[in-house]
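Read through the structure below, which is laid out as structure tokens, and then see the notes.
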Amino acid sequence: MEYLNNLNIESSKYPKELILNMDETPFYLDMTMNKTIDKIGSKTVDIVTTGNEKSRFTVVLTITAGGQFLAPYIIFRRLKKVPKVTAPDNFHLNASYSGTMDQYIMIDYIDKVIKPYLNGREAILDQFKSHYTPMVESKFINEKIKPIYIPPSLTSSLQPLDVSVNAPIKTYFRNEWSNWMDESVPIFTAGGNRKKPSYQQLINMLENAVNCRNKPDLIKKAFTCCGYFDNSIQDYLLHLNPRLKQLLFLHC
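Under our numbering, residue 258 is the last one in the sequence shown; the count climbs by one each step, no gaps.
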């Protein structure tokens, strides 16, 4: 695949610690389990929620090919300012009405996450519109960061975070949320819904979820299974993710 060949040639110019992958992923205030358990023969299964299944916030995760997990960047939705919470020193918080990345938040993310990290030289990212506006591209140039954009529709095969990291973190977060539902004393709104976790509780859950995946070997493997770097045939056969294997086979 031409994209991988070109990227691996370009990446050979930099130490793996200076090659980054960033990705935004949504987290929901109601992280209900995908499966439920009830008595055999039950026609309906009641799922307890707080009525916030569509309420979300965005987490921007960043990893390096050398196995480092950089500071998470959280964007709270429908808030004019960041809520008062005690966050870990390596967490960065922001807020916007949409709760998603725009070019101004992207600039802030670069300043707070990438720039302090030895001026990362190469950033692998998808083609979300806020990643390549003229303002953001100018910022990349000024900071001497080379953006490498993953081809459209291929993030599920070529984005290390998307392939190997995001899902386990969300699973851990979902388990934390379920434990909160089971163990905390329920408080109800006037409408009868159970109150959602506080922002502080969400930050604590997210911290635990990120820490569960902050393991250098797992992070390095995320890049390997996406075909990055010149690996042996044995490495390709052993580690490539199934979707990428299929794509490479089709293009042989």
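The beta carbon of each residue, even a glycine, is placed where N, CA and C say it ideally should be.
Query, Result
"Val142, buried or exposed, once every other Cβ within 10 Å from all chains shown has been counted against 16", "buried"
"Cross-strand partners of Phe194 (DSSP beta bridge)", "Arg200"
"Secondary structure of Val65, DSSP reduced to three states", "strand"
"Cβ-based burial, Glu8 [other Cβ within 10 Å; buried from 16]", "exposed"
"Reduced DSSP secondary structure (H/G/I, E/B, other) of Ile156", "coil"
"Nearest-angstrom Cα separation, counted from Ser204 out to Lys121", "31 Å"
"Per DSSP, the bridge partner or partners of Met28", "Thr68"
"Residue closest to Phe97, alpha-carbon to alpha-carbon, out of Arg249, Leu208, Glu23", "Leu208"
"Best match in His245, Ile116, Pro94, Lys150 for proximity to His259 [C-alpha to C-alpha]", "Lying outside 7 to 258, the shown extent of the chain, residue 259 is not represented and no answer is given."
"Meets three-Cβ-pair contact criterion under 8 Å: the segment 214-226 and the segment 166-174", "yes"
"Cβ-based neighbour list, Leu246, same chain, cut-off 7 Å, excluding 5 preceding and 5 following", "Cys231, Gly233"
"Whole-number beta carbon distance between Ser170 and Lys227, since they are thought to touch under 8 Å", "7 Å"
"Those residues which DSSP pairs with Phe33 across a bridge", "Phe63"
"Three-state class that DSSP yields for Leu99 in the structure shown", "strand"
"Pairwise C-alpha distance: Pro153 and Phe75", "18 Å"
"Whether Glu30 touches Val66 by CB criterion (8 Å)", "yes"
"Beta-carbon proximity list for Pro158, same chain, < 7 Å, skipping 5 on both sides", "Gln133"
"Burial state of Pro32 (16 or more Cβ within 10 Å)", "exposed"
"Range covered by the beta strand (DSSP E) that runs through Tyr79", "79-83"
"Beta carbon proximity, Phe82 to chain B, threshold 8 Å", "In summary, chain B is missing from the structure at hand, where a single protein chain is found."
"Simplified DSSP assignment, three categories, for Glu128", "strand"
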